[in-house]
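Everything on this sheet refers to the single structure shown next.
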Amino acid sequence: MDQSLARLTEHTAKMMVACLLLFSVWTVASGSVQVMHTTVQSVRVGGNITFSCQLVTKEDVLQVTWQKETDGAEDNIATYSTINGQKIAKGYVGHVSFAHTELQVSAISLHAVTLQDEGCYKCIFNTFPLGAVSGRMCLKVYAISDPKVEAKLIPSPDKAEDSEKVVGMSCSATGKPAPKITWHLPSILQQKPREYHIKLGNETVTVISNFTHANPKILQEHPIACVIQHPSLNVTLVLPTDSLEQGQYETLLLSWSGEDMAKHLLGQMRKILRGLGAGGEGTWKSSRGWAGEAW
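Here's what the structure looks like:
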């Protein structure tokens, strides 16, 4: 009796091990289906970008579908199959094209990328008999205007009629994300530049950094440069040393004007922002903590 029970127990254990091994083999086989792709890509506004997906295993693919995730939904962009060929969704015609059309390997290109193209995309291989196998990738879109650096002679902050003019220096750029502005200054300039952030639409920010100096000859005596850092652009702009324009530089007035002047000055700043390719409604904030609504 004891021997029969022992043999039954041993047989049951072997069956359980066999079932576990069979289950493991099935899991590995089904889990081995995967899609090769780049997880995150980035591009500057106006550029082109290509997404590529490759099905690693040799499954029978009926159709490849490309989708974009939009507000929690998934919009079809394009499809490819042997029977129907290439199909581009109506809203993407002229903006999206197939760069590679095979059932095992598929690639699409986005042309003249805009900020609205930022987000995540899917490539879906509809296979038989396993069903849909997908890969997910996300796109970061960067934007920056042509950076600008200027130096002008402006009235002294004390506003005295007989006061001499000072030199005002300003560096600005509009971008997504916000550009970082720093200065290469001589040791004689110990003051910290004032910085202003103006928030626009689509997470775009205008950054303005400026300061003044009492000696108009500072540019002839010392090189001064503005450094703008951004994911899509790193540039150093050197202030011109040959001459200074006469006149008032509205942006620099923020260095010594209070909150009561903000609304008036924002009207002047709007002209500057339009020149930088930015516009619309937004908010602004200075390094002093002043904040207000823009036009």
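Reading the sequence shown from the start, the letters are residues -31 to -1, 1 to 264 in mature numbering (1 follows the signal peptide of the UniProt record, and there is no 0). Note that the Cβ used here is the ideal one computed from N, Cα and C, for glycine as well. Since the model is a prediction, treat every value here as computed from it, not as a measurement.
Test item: CB-CB of residue i and residue j under 7 Å
i, j, result
"His6", "Gly104", "yes"
"His69", "Ala76", "yes"
"Gln3", "Val25", "yes"
"Val118", "Cys195", "yes"
"Ile167", "Thr175", "yes"
"Gln36", "Asn45", "yes"
"Val74", "Ala47", "no"
Burial state of residue i, where buried means 16 or more other Cβ atoms lie within 10 Å
i, result
"Ile157", "exposed"
"Leu31", "exposed"
"Lys91", "buried"
"Val62", "exposed"
"Ile93", "buried"
"Ile193", "buried"
"Ala120", "buried"
"Ala142", "buried"
"His182", "buried"
Close-in-space but distant-in-sequence residues of the same chain around residue i (CB under 6 Å, 5 per side omitted)
i, result
"Gln198", "Lys149"
"residue 266", "Any question about residue 266 goes unanswered here, given that the chain covers just -31 to 264."
"Lys232", "Confidence is the limiting factor: at Lys232 the pLDDT is only 41, short of 50, which leaves the residue's position unreliable, though a coordinate-based value still follows. Around Lys232: no qualifying Cβ."
"Cys140", "Val118, Ile150, Ser178 and Cys195"
"Ala147", "Val174 and Val176"
"Asn53", "none"
"Pro155", "His191"
Other residues of its chain near residue i: CB distance less than 7 Å, five sequence neighbours each side excluded
i, result
"residue 265", "Examination of residue 265 is not possible in this model, given that the chain is present from -31 through 264 alone."
"Asp29", "Thr96 and Phe97"
"Lys240", "Confidence at Lys240 is low in this model, with a pLDDT of 47, below 50, so its placement is unreliable and the value that follows should be read with caution. Contacts found: none."
"Thr151", "Val196"
"Gly16", "Val82"
"Ser125", "Ser132, Glu133, Lys134 and Val135"
"Met138", "Ala120, Asn179, Phe180, Ile193 and Leu208"
"Gln160", "Phe180"
Start-to-end residues for the beta strand (DSSP E) that takes in residue i
i, result
"Leu24", "Ile18 to Leu24"
"Ile113", "Gly100 to Ile113"
"Leu31", "Asp29 to Thr39"
"Glu119", "Lys117 to Ile123"
"Thr70", "Val65 to Thr70"
"Glu164", "Arg163 to Lys168"
"Gln10", "Val9 to Arg13"
"Ala76", "Val74 to Leu79"
Close-in-space but distant-in-sequence residues of the same chain around residue i (CB under 8 Å, 5 per side omitted)
i, result
"Val110", "Ser11, Val12, Arg13, Val14, Val82, Thr83, Leu84, Asp86, Glu87 and Lys145"
"Ala101", "Ile93, Phe94 and Asn95"
"Val204", "Pro116, Val196 and Ile197"
CB-CB length for residue i against residue j, believed under 8 Å
i, j, result
"Ser78", "Ile18", "7 Å"
"Ile113", "Ser201", "6 Å"
"Pro116", "Leu206", "6 Å"
"Leu72", "Thr51", "7 Å"
Residue range of the alpha helix (DSSP H) that includes residue i
i, result
"Ile52", "Careful: Ile52 lies outside any alpha helix (DSSP H) and carries neither H nor E."
"Leu158", "Run containing Leu158: none; DSSP gives neither H nor E here."
"Ile187", "Ile187 to Glu190"
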